[in-house]
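In order, the protein sequence lines correspond to chains A and B. Mapped onto the numbering used here, the consecutive letters of the first sequence carry residue numbers 1 to 117. Mapped onto the numbering used here, the consecutive letters of the second sequence carry residue numbers 1001 to 1111. Built from N, CA and C at the ideal position, the CB exists for glycine as well. This structure is a prediction, so every number in the text was calculated from the model and none was measured. For reference, the structure is listed below as structure tokens.
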Amino acid sequence: DGGITQSPKYLFRKEGQNVTLSCEQNLNHDAMYWYRQDPGQGLRLIYYSQIVNDFQKGDIAEGYSVSREKKESFPLTVTSAQKNPTAFYLCASSSRLAGGVNTGELFFGEGSRLTVL
Amino acid sequence: QKEVEQDPGPLSVPEGAIVSLNCTYSNSAFQYFMWYRQYSRKGPELLMYTYSSGNKEDGRFTAQVDKSSKYISLFIRDSQPSDSATYLCADRVESNYQLIWGAGTKLIIKP
Chain A
1 DGGITQSPKY LFRKEGQNVT LSCEQNLNHD AMYWYRQDPG QGLRLIYYSQ IVNDFQKGDI
61 AEGYSVSREK KESFPLTVTS AQKNPTAFYL CASSSRLAGG VNTGELFFGE GSRLTVL
Chain B
1001 QKEVEQDPGP LSVPEGAIVS LNCTYSNSAF QYFMWYRQYS RKGPELLMYT YSSGNKEDGR
1061 FTAQVDKSSK YISLFIRDSQ PSDSATYLCA DRVESNYQLI WGAGTKLIIK P
């Protein structure tokens, strides 16, 4: 089955530690995204990548880093510089824009919940 | 002012009722309007999208866009307990494929 797999589902981190969240997709999508979701707020874009070996900062990139070495994979590292990392993290992908109508539909993974102790 | 606003709820209605979920936006350049459904502890999934103004129907769901008042609605007919979820509206301009999200409305359908 095609889809997006995020791991781990739950992660606990001590203050001062870096953690890496995994995101793998087998949808053959070019674009991948990382969002953060907090209670009472809309999804906020952390980083996105339209193509391998290229990525751009979203609205809240400070304290995060990403890489895009393979089309299928877009891992997110939450660094110790992120002041309030406890949140629900969502990875998504979408097909590359082409001619014709494109809804920009995002396909999401099931999320990773990070808690800082 | 947030670009996309939703009442967080929760909105609680009995099974079989017609549900109306609403969203307002401030950017008049928005062209695409989407509704995503998110079950607890899961990722969102696209429910419906509309382009520009008007209505779009898909089974029990109807999406309605009124660009003159910057108001978006999602109607659910014959609501079921399985419709209990958080409904997120998301908008974007045509030239920029980044979505701007509302915070979501939590819907509870009581059996």
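- With the criterion set as a beta carbon lying under 9 Å from some beta carbon of chain B, the segment 60-84 of chain A has no members that meet it.
- Residue contact with chain B for Q41/A: present (Cβ-Cβ distance below 8 Å to some residue of chain B).
- For the 8 Å CB-CB criterion, V1019/B and C1089/B do not form a contact.
- The alpha-carbon separation between A87/A and R1041/B amounts to approximately 12 Å.
- In the three-state DSSP reduction, P1081/B falls in the helix class (H, G or I).
- Setting aside the 5 residues that flank it on each side, R1060/B is surrounded in the same chain by I1076, R1077, D1078, each with a C-beta closer than 7 Å to its C-beta; the list follows chain order.
- If you look at T79/A, you'll find it isn't in any beta strand (DSSP E); DSSP assigns it neither H nor E.
- Going by beta carbons, L21/A and I46/A fall outside the 8 Å limit.
- Contact note: P1014/B does not reach chain A at a C-beta cutoff of 9 Å; the least C-beta distance is about 26 Å.
- If you check the CB distance, A1085/B and Y1039/B come in under 8 Å.
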